[in-house]
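Structure, as structure tokens:
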Amino acid sequence: MADVMLSTPVRIKPHGSDTIREVATLQDASEILIDWPHASRGPFYQAAREKIEAALEDKDATAQAQEAFTALCDHAGVLVR
């Protein structure tokens, strides 16, 4: 399965890190969610997880997955603008 590029990379500063990470693919976003702090896995996390998993199966859903992932990162305060 080929990885799917996001329309624009999402730049984040992961929890507890000073390094900015550029999330450019659905697989990158999925890996970020695997490492997401358990205490912060609320409704935004669940929505992003579901949309990314769906987009990995149906490439037409990539925009919705990116939107949900960006909303999660913004809500968590890790999004770099």
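For the sequence shown, our numbering assigns the number -1 to the initial residue and increments by one for each residue that follows.
Glycine residues also receive a C-beta, built at the ideal position from the N, C-alpha and C atoms.
Item	Value
How many angstroms separate the CA atom of residue 95 from the CA atom of residue 56?	The structure shown does not extend to residue 95, since the chain is modelled only from -1 through 79, so no value can be given for it.
Using three-state DSSP, classify residue 7 as helix, strand or coil.	strand
Who are residue 19's beta bridge partners in DSSP?	10
Alpha helix (DSSP H) containing residue 26: first to last residue?	24 to 32
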